[in-house]
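Before any comments, here is the structure.
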Amino acid sequence: MAKDALLGELAGCGSAETLLAAILNHYPDIRAPVRVEDIARRVGITQVRDLAEEDFTSSLLVDAAGRTGIVGCATGLSPQRRRVAIAHQLGHFLLRTRAMTGIVPCAT
Numbered sequence: 001m002a003k004d005a006l007l008g009e010l011a012g013c014g015s016a017e018t019l020l021a022a023i024l025n026h027y028p029d030i031r032a033p034v035r036v037e038d039i040a041r042r043v044g045i046t047q048v049r050d051l052a053e054e055d056f057t058s059s060l061l062v063d064a065a066g067r068t069g070i071v072g073c074a075t076g077l078s079p080q081r082r083r084v085a086i087a088h089q090l091g092h093f094l095l096r097t098r099a100m101t102g103i104v105p106c107a108t
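What follows is the structure in structure tokens.
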């Protein structure tokens with residue numbers, strides 16, 4: 001039920017700012033460091049994997065229906081950089097899932 005409520009709030013978001021506002025509304029007591037993987041899993045990211053890739057820092061693989069995804073992070077990232085990479089891909093997943101499927105690599 002809580003997952004459905006969060007997904008319902010996030011569904012109407014069209015920017016990073018509105019996503020953040022919805023997440024903060026759903027998790028009013030959130031503190032740093034944010035457990036980004038937990039939030040990602042609650043909205044459809046089924047796995048976060050380490051990838052031995054040199055060409056990009058992180059990637060997102062989305063199912064054909066746009067409902068679930070897998071985030072890949074380059075091995076060797078610091079815990080802080082890994083959280084940023086996961087959050088970055090989570091933003092792609094939440095804002096653009098309906099418009100894309102397949103692998104989305106990011107160099108940042």
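Counted from 1, the sequence shown has number 58 at position 58 by my numbering; the numbering is strictly sequential. Just so it is clear, CB atoms sit at the ideal spot from N, CA and C, and this is done for glycine as well. None of the values given here were measured: they were computed from a predicted structure.
Whole angstroms are fine: how far does the CA of residue 24 sit from the CA of residue 4?
Whole-angstrom Cα-Cα distance: 16 Å.
Grab me the residues of residue 47's own chain with a C-beta within less than 8 Å of its C-beta, minus the 5 sequence neighbours each way, in chain order.
The answer, listed in chain order, is 70 and 71.
Can you grab the Cα-Cα spacing for the pair residue 1 / residue 73, in whole Å?
Unreliable placement is indicated for residue 1, whose pLDDT of 47 sits below 50; no coordinate value is reported for it.
Residue 67: which of 35, 21 and 94 sits nearest, CA to CA?
Nearest C-alpha to residue 67: 94.
How long is the line joining the alpha carbons of residue 62 and residue 18, rounded to whole angstroms?
Looking at the two C-alpha atoms, the distance is approximately 22 Å.
Evaluate contact between the segment 5-12 and the segment 28-35, counting only Cβ atoms and requiring at least three cross-stretch pairs below 8 Å.
Verdict: no, contact absent.
Taking the alpha carbon of residue 81 as the point to measure from, which residue in 96, 52, 57 and 65 has its own alpha carbon closest?
For the residues 96, 52, 57 and 65, the minimum Cα distance to residue 81 belongs to 57.
Could you have a look at residue 61 and say whether DSSP puts it in helix, strand or coil?
Correct three-state label for residue 61: strand.
Give the DSSP-derived three-state secondary structure of residue 84 in the structure shown.
Helix, per DSSP.
Going by DSSP, which residues form a beta bridge with residue 51?
Residue 51 is bridged to 74.
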